[in-house]
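> Note that the working numbering numbers the sequence shown so that position 28 is 28, with each residue one more than the last. Glycine included, C-beta positions come from ideal geometry on N, C-alpha and C. Below are the structure tokens for one structure; questions will follow.
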Amino acid sequence: MLKLLALPLAAAAALALAGPASANTYCVAAPGCSGTPAPGVQGALDAAKKHAGADTVRVGPGTFTAGAQGFHYDDPAAVNAVAVVGAGPAKTTLTTSSHDSTTVLRLAAGSLGQDLRTTVPGGLFMHGLALLGATGRNITVDGDASAGAVLTGAATLRGSQIGGNVAINVYDGGSTVLNTVATGRAIGVRVFGTSTFTRLQRLRVNASDGGNQAAAIGVQVNCGRVALEDSVVYVRNANPLGIGVDATPSQCAQGTINGVELRQSTLLGAGAGSRGVVAVSSDPTQASAVNVTNSIVRGFEHSLDREALGGIAYMQTDASNYLSQGNINTTQAGGVGTLLETAHTTVDPKFVNEGAGSYQLAPGSPLIDGGNATGLAPGESNVDKAGLPRIVDGNADGIARRDVGAFEFKP
Ligand SMILES: [Ca+2]
Ligand SMILES: [Ca+2]
1 MLKLLALPLA AAAALALAGP ASANTYCVAA PGCSGTPAPG VQGALDAAKK
51 HAGADTVRVG PGTFTAGAQG FHYDDPAAVN AVAVVGAGPA KTTLTTSSHD
101 STTVLRLAAG SLGQDLRTTV PGGLFMHGLA LLGATGRNIT VDGDASAGAV
151 LTGAATLRGS QIGGNVAINV YDGGSTVLNT VATGRAIGVR VFGTSTFTRL
201 QRLRVNASDG GNQAAAIGVQ VNCGRVALED SVVYVRNANP LGIGVDATPS
251 QCAQGTINGV ELRQSTLLGA GAGSRGVVAV SSDPTQASAV NVTNSIVRGF
301 EHSLDREALG GIAYMQTDAS NYLSQGNINT TQAGGVGTLL ETAHTTVDPK
351 FVNEGAGSYQ LAPGSPLIDG GNATGLAPGE SNVDKAGLPR IVDGNADGIA
401 RRDVGAFEFK P
């Protein structure tokens, strides 16, 4: 204390200046925004980058069009992050005049985008949103993206509606996608990960026409480890055929395991050639391992497809509901692996209204409290697809136990 008091005035003043940097707000056509008016979105982002300290850019209602660079913020320093906040996805739209290799909004690590829409003009390699370790919240991506959202470096995307030829591409592993609707023409969510878990929780995933590919795929794990939980994957109207979850190694480094933990989810398909859960490996240096737990795989010609064609492919199911007769389970050409099924059921799940798209369990469903007896796994969501508690006593026997599928029955 005495030493501090004894500091010369100049040194004391320097200490005061070294305190936390201030936060600025930049206002872009945002009525009621109290801050520094900025002439445009990119101008505001550039000003926020120049100004030391975490800033906010408020973007008002309207459509804001970037050039070939897209709107971008590329300072990954946590102390100089930016939050880009619109007036809501129905009011604030970001887009670009480019039709080639442009991302409409790109944010560096630590930054945040929320409450806005990006709409993507058609073209080559066009993306709506890139989160490089950044966070996106309540964002709509529509238009004609080759990939609606691209997540790298432990990004987080939540509460959003993402569309594209591929709706969401995830690189690196470590990213999290929550409470989001991913609608891809070819692929809903595609993961090129590492050994770090990618967490996908409470998603609605749709894939439709395959984008001229051989199949439309709900969740495709090319490499890496993925936990897909409390989600609905819908490929029922896919053309020419739909695959729910595909863990076929591709474009992985040698020795990479691609593993999927599919928990408390509901996969819906239909039609000739359709496949629910797929693990195929034809390369002895690559392994595919899928665990299907407390899940419903319904309507596919082949509920499960495990093929070790010279490679390594394991599949296990536990307390899951699917028809067996179309299952593919084969080991050839020196391949390794097995299919292990535990507590498997084939009963009709009795959805509330399957034709109308209500996949909650109706009262009396045999899958109520039909899940396994284990508690939550580390990091697992404690709520179901609807955001309501997961492990609930649904049959009044005094024992709280999981249901099978994305929705937990509430008595
Ligand atoms: Ca700043
Ligand atoms: Ca239950």
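Output the distance between the C-alpha atoms of threonine 96 and leucine 45, rounded to the nearest integer angstrom.
Position 96 of the sequence shown holds residue 96. Position 45 of the sequence shown holds residue 45. Those two C-alpha atoms are separated by around 16 Å.
> Mapping DSSP to helix, strand and coil, what is glycine 86?
As a working note, residue 86 is residue 86 in the sequence shown. The answer is coil: DSSP assigns glycine 86 none of H, G, I, E or B.
> Would you list the residues whose beta-carbon is nearer than 7 Å to any heavy atom of ligand 3, in the order they occur in the chain?
As for ligand 3, it is missing from this structure, which binds only ligand 1 and ligand 2.
> For leucine 367, name the three-state secondary structure that DSSP assigns.
If you number the sequence shown from 1, residue 367 lands on position 367. Of the three classes helix, strand and coil, the one that applies to leucine 367 here is coil, per DSSP.
> I'd like the list of long-range same chain contacts for isoleucine 168, defined as Cβ closer than 6 Å, with 5 residues on each side in sequence excluded.
If you number the sequence shown from 1, residue 168 lands on position 168. These residues qualify, in order along the chain: Ala149, Ile162, Ala182 and Val189.
> Could you check if arginine 401 is buried or exposed, using at least 16 other CB atoms within 10 Å of its CB as the buried criterion?
Taking the first residue of the sequence shown as position 1, residue 401 is located at position 401. It counts as buried.
> Closest to alanine 215 by C-alpha separation, out of Ile243, Thr180 and Ile312, would be which residue?
Here residue 215 corresponds to residue number 215 of the sequence shown, with the count starting at 1. Here the closest residue by C-alpha is Ile243.
> Would you call proline 89 buried or exposed, if buried means 16 or more other Cβ atoms sit within 10 Å of its Cβ?
For the purposes of this step, residue 89 is identified with residue 89 of the sequence shown, where counting begins at 1. With 16 or more Cβ atoms within 10 Å of its Cβ, proline 89 is classed as buried.
> Going by C-alpha distance, which of Ser22, Glu341, Leu340 and Gly387 is nearest glutamine 360?
One-based indexing of the sequence shown puts residue 360 at position 360. Closest by alpha carbon: Gly387.
> May I ask whether a heavy atom of ligand 2 can be found less than 7 Å away from the beta carbon of glycine 394?
In the sequence shown, residue 394 corresponds to position 394, counting from 1. Yes, since a heavy atom of ligand 2 falls inside the 7 Å radius drawn around the Cβ of glycine 394.
> Can you tell me whether glutamate 408 sits near ligand 2, meaning its C-beta is under 7 Å from at least one heavy atom of the ligand?
Working through the sequence shown from its first residue, we reach residue 408 at position 408. Result yes, Cβ under 7 Å from ligand 2.
> In whole angstroms, what is the alpha-carbon distance linking alanine 83 and isoleucine 139?
Working through the sequence shown from its first residue, we reach residue 83 at position 83. Working through the sequence shown from its first residue, we reach residue 139 at position 139. Cα to Cα, alanine 83 sits roughly 13 Å from isoleucine 139.
> I need the straight-line Cα distance from valine 104 to valine 404, nearest angstrom please.
Taking the sequence shown and counting its residues from 1, the one referred to as residue 104 is at position 104. Taking the sequence shown and counting its residues from 1, the one referred to as residue 404 is at position 404. Roughly 39 Å separates the two Cα atoms.
> Checking 8 Å against the spacing of the C-beta atoms, do cysteine 223 and glycine 184 come in under that value?
Position 223 of the sequence shown, counted from the start, is the residue given in the question as residue 223. Position 184 of the sequence shown, counted from the start, is the residue given in the question as residue 184. Cβ atoms of cysteine 223 and glycine 184: not closer than 8 Å.
> As an exercise, report each continuous beta strand (DSSP E) stretch of at least 3 residues that is fully enclosed by the segment 137-220, in chain order.
Fully enclosed beta strand (DSSP E) runs of 3 or longer: 147-152, 156-158, 161-171, 176-178, 181-201 and 204-207.
> Beta carbon of isoleucine 296: closer than 7 Å to some heavy atom of ligand 2?
Numbered from its first residue, the sequence shown carries residue 296 at position 296. Not under cutoff, so the answer is no.
> Count Cβ pairs between the segment 297-314 and the segment 263-282 that sit closer than 8 Å; are there 3 or more?
They touch, by the three-pair rule.
> Would you mind stating whether threonine 428 and threonine 93 have Cβ atoms separated by less than 8 Å?
Lying outside 1 to 411, the shown extent of the chain, residue 428 is not represented and no answer is given.
> With distances taken Cα to Cα, identify the nearest neighbour of tyrosine 171 among Thr152, Ala186, Val177 and Thr156.
Mapped onto the sequence shown, residue 171 falls at position 171. Closest by alpha carbon: Thr152.
> Is aspartate 305 helix, strand or coil by DSSP?
The sequence position of residue 305 within the sequence shown is 305, counting from 1. Note: aspartate 305 maps to strand in three-state DSSP.
> With distance defined between alpha-carbon atoms, name the residue in Ala333, Arg263, Gln69 and Phe407 nearest to alanine 319.
Taking the sequence shown and counting its residues from 1, the one referred to as residue 319 is at position 319. Checked all of Ala333, Arg263, Gln69 and Phe407; the closest Cα to alanine 319 is Arg263.
> Quick one: is the Cβ of isoleucine 139 within less than 7 Å of any heavy atom of ligand 2?
Numbered from 1 along the sequence shown, position 139 holds the residue referred to as residue 139. No - ligand 2 has no heavy atom lying nearer than 7 Å to the Cβ of isoleucine 139.
> Going by other Cβ atoms of all chains shown within 10 Å of its Cβ, with 16 needed for buried, is valine 120 buried or exposed?
Position 120 of the sequence shown, counting from 1, holds the residue named residue 120. The residue in question, valine 120, is buried, as its Cβ has 16 or more Cβ neighbours within 10 Å.
> CB of arginine 263 to nearest heavy atom of ligand 2: below 7 Å?
One-based indexing of the sequence shown puts residue 263 at position 263. Arginine 263 Cβ: outside cutoff for every heavy atom of ligand 2.
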